[in-house]
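Asker: Counting in our numbering, the sequence shown runs from 3 upward without gaps.
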Amino acid sequence: MESSIVSLAGKILLILKEEDGITVTQLINRVNSGKDKHSATTVSKYIEYLEKEGLIRTLEERYGVAKKKKILLTEKGRIAAEYLTKINEIVLQ
Numbered sequence: 003m004e005s006s007i008v009s010l011a012g013k014i015l016l017i018l019k020e021e022d023g024i025t026v027t028q029l030i031n032r033v034n035s036g037k038d039k040h041s042a043t044t045v046s047k048y049i050e051y052l053e054k055e056g057l058i059r060t061l062e063e064r065y066g067v068a069k070k071k072k073i074l075l076t077e078k079g080r081i082a083a084e085y086l087t088k089i090n091e092i093v094l095q
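#1: What is the rounded straight-line gap between the Cα of residue 95 and the Cα of residue 86?
#2: Scan the region 44–75 and note each continuous beta strand (DSSP E) run of 3 residues or more that stays entirely inside, going in chain order.
#3: How about residue 69 and residue 77: do their beta carbons lie closer than 8 Å?
#4: Take residue 2 and list the residues in its own chain whose beta-carbon comes closer than 8 Å to its own, dropping the five residues that flank it on each side.
#5: In angstroms, rounded to a whole number, what distance separates the CA positions of residue 66 and residue 44?
This is the structure:
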């Protein structure tokens, strides 16, 4: 993701807009791929917040004894991500 004016919560939504259904670990790696670095704990707290606000939902999948938690945008989250994309386009022109 290129330069952005949005917060970490917004960045998470924009990442999920590009790649919905990624795991928590994949999301943390994507969040930290730019110049700003955030701890796994910080990202997890934002995931909890976004889920509480109804912008994302988590889906736990089992693979034998292993579990993976996938993160998905809700319809409300998808709309918010679209607006964030438009805001970035306007500001970063």
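Positions of the beta carbon are idealized from the N, C-alpha and C atoms, including for glycine.
It should be emphasised that the depicted structure is a prediction, and the values quoted were computed from it without experimental measurement.
Answerer: So, from the listed chains and residues:
#1: Going from the Cα of residue 95 to the Cα of residue 86 covers about 14 Å.
#2: Segments of the beta strand (DSSP E) lying fully in the region 44–75: 58–65, 68–75.
#3: No.
#4: Residue 2 is absent from the model: the chain starts at 3 and stops at 95.
#5: CA-to-CA, the gap between residue 66 and residue 44 works out to about 29 Å.
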